[in-house]
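One structure below.
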Amino acid sequence: NILGYTSDELLKISINDLFNREKENMVSYLFENFLNGTENSFGTVTKLVKKDQQTVDVALDVSRISFGEKKGITILIRDVSKDKKIEEELVIKKEQFKSLTKNIDIGIFRTTFDRRAKFIEANPATLEILGIEEEEELFKKNIFDLFFESTEKRAFLSELSKEGKVKNKIIQIQRNNNEFVVVSVSI
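Residues 1081 to 1267 in my numbering are what the sequence shown spells out, letter by letter.
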């Protein structure tokens, strides 16, 4: 169904006719190694040529089978075109999001979701607010290193623990140059 051939048509054509010419060498190599080797199965993602000569992205799972004295192979084909398209769209959206966060004057960051709360990503505005020049320097810190008042830190942690989030919490933080700044934090 994926390739547009009937069962009878598939039996009459060579499997090599189904491979996209751009990827033929790689897939042919995998099949040759499979047929000549001792591997019982292999899988790959490639393009196959449909009956109408269009290509389709597929996942191939190839396995050896035997029925009594007879031996053969099974080839399972799964259309992954939609998966590929979603992956491509996700990459585009991620780049758009990064562009947006990079150019906004609001500090946006991600931390690990554990007691250490280490910074793992931050936009330039975050670095500027904190007085830090390089991301690597920020990644050595955790969010709690920034609190000036331990009471604010405890209140912040308490709210985060009880509510599962913190919204528009006004806190005083210590910048890298030991100056203090008042910020609003939402997590």
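Positions of the beta carbon are idealized from the N, C-alpha and C atoms, including for glycine.
List the whole-angstrom C-beta distance separating G1211 from N1256, where the pair is believed to meet the contact cut-off of C-beta under 8 Å.
At roughly 4 Å, the Cβ-Cβ gap stays under 8 Å, so G1211 and N1256 are in contact.
Mind checking who V1129 pairs with in its DSSP beta bridge?
BP columns for V1129 point to T1135.
Can you tell me whether DSSP reads R1234 as helix, strand or coil?
Here R1234 carries a helix assignment [DSSP, helix/strand/coil].
If we require 3 or more residues per run, which beta strand (DSSP E) segments fall completely within the region 1162 to 1215?
Assignment of beta strand (DSSP E) within the region 1162 to 1215, counting only whole runs of 3 or more residues, yields 1189 to 1191 and 1199 to 1202 in chain order.
Range covered by the alpha helix (DSSP H) that runs through D1097:
Where D1097 is concerned, there is no enclosing alpha helix (DSSP H), given that its DSSP letter is neither H nor E.
Indicate the three-state DSSP secondary structure (helix, strand or coil) for I1082 in the structure shown.
When DSSP states are grouped into helix, strand and coil, I1082 belongs to the coil group.
Roughly how far, in whole angstroms, is the beta-carbon of F1193 from the beta-carbon of K1221, given that I think they are within contact range, below 8 Å?
About 16 Å; that fails the 8 Å criterion.
Between N1081, K1131, K1164 and G1148, which lies nearest to F1099 when the distance is taken from Cα to Cα?
Checking every option, the nearest Cα to that of F1099 belongs to K1131.
If you run the structure through DSSP and keep just helix, strand and coil, what is F1122?
For F1122, the three-state secondary structure derived from DSSP is strand.
Considering only residues of the region 1136 to 1161, which uninterrupted beta strand (DSSP E) runs meet the minimum length of 3 residues and lie entirely inside it, listed in chain order?
If we require 3 residues or more, the beta strand (DSSP E) runs fully inside the region 1136 to 1161 come out as 1150 to 1159.
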